[in-house]
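Numbering (this note's numbering), first residue to last: 3 to 294. In this text, a Cβ means the ideal position worked out from N, Cα and C, and glycines have one as well. Since the structure comes first, as structure tokens, the remarks are kept for the end.
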Ligand code: MN
């Protein structure tokens, strides 16, 4: 534990207004919308946070209709409420609270995401994160596939005295491994701390590292982080200590930067503008498959 403390670059407040993705996801966009460029936070490309919101009961199933993705991975983390999905490769599933879906869009896929029918009928609090993780150039055209990471499959670290838990989605936390197979080194943790709960860990100095306060309040290396704050660490130092001032839920991300050019156009993330143009053409020609 002699390693230097990881410095905080800045603490960013929740963006003022949410935006709608389709009619089912009411999201605050932190990456890149809150001034965090895709290069600065590489390999992470996008982070949308549907902060807790009750859409109310509905017979109409809310969501986002058929859309493409190419060149990266989408990671959906369900905190409250359930999401169903279908894709052009014939896959489908339900992501329930505590579950994670890690989708490698790779060479291209069509999919749709919407509130699971039963949840939609009953209504209730909905809380979700969607994170996009870039693929290295050599893996961008890998065939699309999913990893359905049920909550029981996540790596689990329990704190003494019931003070909380760390669910390891990807990478390792203090030696405990998460199940996600990734194309570049990435750590993603779903951290739940009771008031007064503390954890400490170390992450490589050069990894781009950040955390989002999903719920609660905590001290992050001694700095106060309010609910919905996004803490962006500097690429300096290794050690991170968290102490919850209230019962808290924290999403921590850390990844080795992918040092390659990024050409990004909506749901396509490639390395050059020419590849983006090709991707749009492929999509228009129906090469991503068929989904109704
Ligand atoms: Mn999508």
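I want to check one thing, is the minimum distance from the CB of residue i to the heavy atoms of the ligand MN below 7 Å?
i	result
residue 69	yes
residue 115	yes
residue 76	yes
Taking buried to mean at least 16 other C-beta atoms within 10 Å of its own C-beta, is residue i buried or exposed?
i	result
residue 62	exposed
residue 160	exposed
residue 274	exposed
residue 215	buried
residue 41	exposed
residue 8	buried
residue 199	buried
residue 140	exposed
residue 103	buried
residue 163	exposed
residue 226	exposed
residue 101	buried
residue 263	exposed
residue 132	buried
residue 142	buried
residue 277	buried
residue 248	exposed
residue 18	exposed
So, using beta-carbon positions, are residue i and residue j closer together than 8 Å?
i	j	result
residue 89	residue 293	yes
residue 218	residue 246	yes
residue 84	residue 121	yes
residue 6	residue 257	no
residue 105	residue 76	yes
residue 250	residue 195	yes
residue 128	residue 55	yes
residue 291	residue 112	yes
residue 116	residue 66	yes
residue 173	residue 180	yes
residue 72	residue 109	yes
residue 205	residue 12	no
residue 29	residue 51	yes
residue 99	residue 86	no
residue 59	residue 124	yes
residue 176	residue 203	yes
residue 169	residue 185	no
residue 223	residue 10	yes
residue 136	residue 33	no
Every unbroken beta strand (DSSP E) inside the stretch 146 to 230 [3 residues or more] = DSSP runs (the beta strand (DSSP E)) wholly in the stretch 146 to 230: 147 to 151, 157 to 160, 166 to 172, 188 to 195, 200 to 204, 210 to 217, 220 to 222 and 225 to 227.
query = Whole beta strand (DSSP E) runs in the stretch 235 to 263 with 3 or more residues, listed along the chain?
reply = The beta strand (DSSP E) runs lying completely inside the stretch 235 to 263 and spanning 3 residues or more are 241 to 246 and 250 to 257, given in chain order.
request  = Only counting runs of 3 or more residues, tell me where the beta strand (DSSP E) segments fall wholly within the stretch 71 to 120, in order along the chain.
outcome  = Within the stretch 71 to 120, the runs of beta strand (DSSP E) at least 3 residues long that lie entirely inside it are, in chain order, 74 to 82, 85 to 89, 94 to 97, 102 to 106 and 111 to 117.
ask   = Where are the beta strand (DSSP E) runs, 3 residues long or more, that stay fully inside the stretch 15 to 58, in chain order?
value = Annotation: the stretch 15 to 58 contains the following complete segments of the beta strand (DSSP E) (minimum length 3 residues), in chain order: 21 to 23, 27 to 33 and 46 to 56.
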